[in-house]
Amino acid sequence: MDRRSFLRNSSAATLGGLTVQGFSSPLLGPLWNRAAEDRVLVVIQLFGGNDGLNTVIPLDQYGVLAVKRPNVLIPQGLVLPLDQVGATGLHPAMDGMRELWEMGKLGIVQGVSYPQPNYSHFRATDIYETGASANQLLSSGWTGRYLNFEYPNYPAGYPNIDMPDPLAIRIGGAVGSGLQYMGVSMGVAINNTTDPLNLTGNIYLDPTSPACSGGKLGLVRQVQRQTDLYGDVIQAAAVPGCNQSPLYPTGNQPGAKLAQALKIVAQLICGGLKTKIYWVSETGFDTHAQQVDSADHTIGAHANLLQGVSDAVRAFQDDISLLGFEDRVMGMTFSEFGRRIVDNASGGTDHGSAQPMFFFGSQVINTITGTNPDIPSSATYQTNLAMQYDFRSVYASVLKDWFCLEETDIDTVLLDTYQPLQIIDPSGCLGNAVHEINQQAGTNLLSNYPNPFTERTTFEYTSAGGRVLIQVFDEQGQLVQTVLNQPVPAGTYKVDVDLGDRTPGVYYARLQNEGAQQVRNLLKVR
13 MDRRSFLRNS
23 SAATLGGLTV
33 QGFSSPLLGP
43 LWNRAAEDRV
53 LVVIQLFGGN
63 DGLNTVIPLD
73 QYGVLAVKRP
83 NVLIPQGLVL
93 PLDQVGATGL
103 HPAMDGMREL
113 WEMGKLGIVQ
123 GVSYPQPNYS
133 HFRATDIYET
143 GASANQLLSS
153 GWTGRYLNFE
163 YPNYPAGYPN
173 IDMPDPLAIR
183 IGGAVGSGLQ
193 YMGVSMGVAI
203 NNTTDPLNLT
213 GNIYLDPTSP
223 ACSGGKLGLV
233 RQVQRQTDLY
243 GDVIQAAAVP
253 GCNQSPLYPT
263 GNQPGAKLAQ
273 ALKIVAQLIC
283 GGLKTKIYWV
293 SETGFDTHAQ
303 QVDSADHTIG
313 AHANLLQGVS
323 DAVRAFQDDI
333 SLLGFEDRVM
343 GMTFSEFGRR
353 IVDNASGGTD
363 HGSAQPMFFF
373 GSQVINTITG
383 TNPDIPSSAT
393 YQTNLAMQYD
403 FRSVYASVLK
413 DWFCLEETDI
423 DTVLLDTYQP
433 LQIIDPSGCL
443 GNAVHEINQQ
453 AGTNLLSNYP
463 NPFTERTTFE
473 YTSAGGRVLI
483 QVFDEQGQLV
493 QTVLNQPVPA
503 GTYKVDVDLG
513 DRTPGVYYAR
523 LQNEGAQQVR
533 NLLKVR
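Using the working numbering, read the sequence shown as starting at 13 and increasing by one per residue.
As structure tokens, this is what we get:
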């Protein structure tokens, strides 16, 4: 059964109190059309810290590299040249991405990093996923904040007729900090589509305890019920025969696991999911030793990793092209950091800073943003590549030219101002009507006015009865004020909040009422 048949014919499942049978309404037509036009972002995370100098190779720096990297450098004559660039090439294992370049569907951003880079895998990963500065701890991810901007009522009243599908899907592993928003997972994690989640949707029939833990238990149950229902729609969207490309790596071929994840992404988009963000990953890029074969630097562990990513991405792009929706799907890669200029005696490279990022899709600008890194002849083991672009400028480009946010909204999502880059064709941005529909989806439990405010603001909230907890947090997730924590009869209420002693900036208000919760942005100005 395909997704449309599931949504129109199923009478057992419910979405936010609406029977799925209700989706046969004539109002559904425009929503299906909108689903076919919405843009999708596919994030590929390369865990371990990718060696950018052996990925995007600066041929005009080859003489110095030959001295600094005798243990890992690719022979110059075997580097895959990029048309119309000349001085830059790809690792010889990356035929798939070179083909995308020649098709005009690949872009590269050079020298991506941030001031005072961190070389810990865990902390650096957190920085890239949350969009934090080196000395900043955030409890929300950059994509999580975007999804909250787009769907501010989530998770209250979700799934619903406007958005019956997961906002984001992580394939393999946990949801991760990139898709978090102040304690709310803005997506779900699955491993496959045959049994992606518990599909019953009706696990908990007994009421929660009136004890102090009842509200927390109710929240857990609410999330579980949403997860169950999302499992149903994910399974219904996994239409057999959707995948068309014969290029996906399989079996023991490099990239087979990543290819399977991307194959699922293509399948779910083809099946009609309106999910905005898909997040997949590949591991193994922490190549301190035996990065290359000592007798042939074009093969080895790193070559296999690059071939796997390249071939999987090439197959995915082929698939979505054959399926007819490549104009609304774009992908990007990132790692938590790059590697040092000078290689080590173990045939590997150690943690560094700047890295190249890839963008793929029919709407990316087919160019290299930035220049080849300058390799100083005086480089030592401690020398890093210079930063050319802050990674949050890359994120700003995605928000501006792919998801079509205004400048002030980009600043809100990224918690500061970063200059966007010209890496995506902005001509196909959706109109504001879609965003307005998304913002109205779900149930509005908490709002405040004025916003922005200078000293005081008024919260308006809705209680379903039972204990209501309203808290204010700063952008690093630290509790600033508990506004309310008491039983409140069912109804809508207002409460005045004084934040005059707080510094200007972004704050978050969080409401929890038994099993429901909602988070709102607050902006305090001078």
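For glycine and all other residues, C-beta sits at the position ideal for the given N, C-alpha and C.
- Taking 8 Å as the cut-off, the beta carbon of residue 202 is found no closer than this to the beta carbon of residue 278.
- Residue environment for residue 147: exposed (fewer than 16 other C-beta atoms within 10 angstroms of its C-beta).
- Taking 8 Å as the cut-off, the beta carbon of residue 481 is found closer than this to the beta carbon of residue 524.
- Excluding five sequence positions before and after residue 431, the CB atoms of its chain that fall closer than 8 Å to its own CB belong to 405 and 408, given in chain order.
- Apart from sequence neighbours up to five positions away, the residues of its chain that approach residue 136 with a beta-carbon distance below 6 Å are 130, 348 and 349, ordered along the chain.
- For residue 533, the enclosing beta strand (DSSP E) covers residues 528-536.
- The beta carbon of residue 158 is closer than 6 Å to those of 425 in its chain, skipping five residues each way along the sequence.
- Per DSSP, residue 151 lies in no alpha helix (DSSP H) and is assigned neither H nor E.
- Taken atom to atom, the span from the alpha-carbon of residue 528 to that of residue 243 is near 20 Å.
- Out of 535, 434 and 248, the CA that lies nearest to the CA of residue 423 is found in 535.
- Relative to the Cα of residue 475, the nearest Cα in the group 379, 457 and 462 belongs to 457.
- By the criterion of a C-beta distance shorter than 7 Å, residue 435 is surrounded in its chain by 119, 121, 371, 376, 377, 381 and 409, once the five residues flanking it on both sides are discounted.
- C-alpha of residue 506 to C-alpha of residue 266: approximately 58 Å in a straight line.
- In terms of Cβ geometry, residue 111 and residue 95 do not form a close pair [threshold 8 Å].
- When only Cα atoms are considered, residue 509 and residue 200 end up about 34 Å apart.
- Burial check for residue 90: the Cβ neighbour count within 10 Å stays below 16, so the residue is exposed.
- Between the alpha carbons of residue 460 and residue 471 lies a distance of about 4 Å.
- Of 248, 454, 356 and 127, the smallest CA-CA separation from residue 206 is found for 248.
- For residue 290, the three-state secondary structure derived from DSSP is strand.
- In the three-state DSSP reduction, residue 468 falls in the strand class (E or B).
- Membership of residue 393 in any beta strand (DSSP E) is not indicated, and neither H nor E is assigned to it by DSSP.
- Taken atom to atom, the span from the alpha-carbon of residue 429 to that of residue 132 is near 26 Å.
- Under the three-state reduction of DSSP output, residue 308 falls in the strand class.
- Boundaries of the alpha helix (DSSP H) harbouring residue 412: 403-413, taken from the DSSP string.
- The beta carbon of residue 268 is closer than 7 Å to those of 261 and 262 in its chain, skipping five residues each way along the sequence.
- Distances from the alpha-carbon of residue 366 to those of 167, 177, 518 and 384 put 384 closest.
- With 16 or more neighbouring CB atoms inside 10 Å of its own CB, residue 160 falls in the buried class.
- One alpha carbon belongs to residue 499, the other to residue 473, and they sit about 13 Å apart.
- Around the beta carbon of residue 140, 16 or more other beta carbons lie within 10 angstroms, which makes this residue buried.
- For residue 506, the enclosing beta strand (DSSP E) covers residues 503-510.
- Between residue 281 and the set 194, 252 and 496, the nearest pair of CA atoms involves 252.
- Fully contained in the region 299-363 are the following beta strand (DSSP E) runs of length 3 or more, in chain order: 341-347.
- Nearest Cα to residue 101 within the set 108, 83 and 68: 68.
- Here residue 311 has 305 as same chain residues with Cβ atoms under 6 Å from its own Cβ, once five neighbours each way along the sequence are excluded.
- In its chain, beyond the 5 residues on either side, 101 have a beta carbon closer than 6 Å to the beta carbon of residue 93.
- By the neighbour-count criterion, in which 16 or more other beta carbons inside 10 Å mark a residue as buried, residue 401 falls on the buried side.
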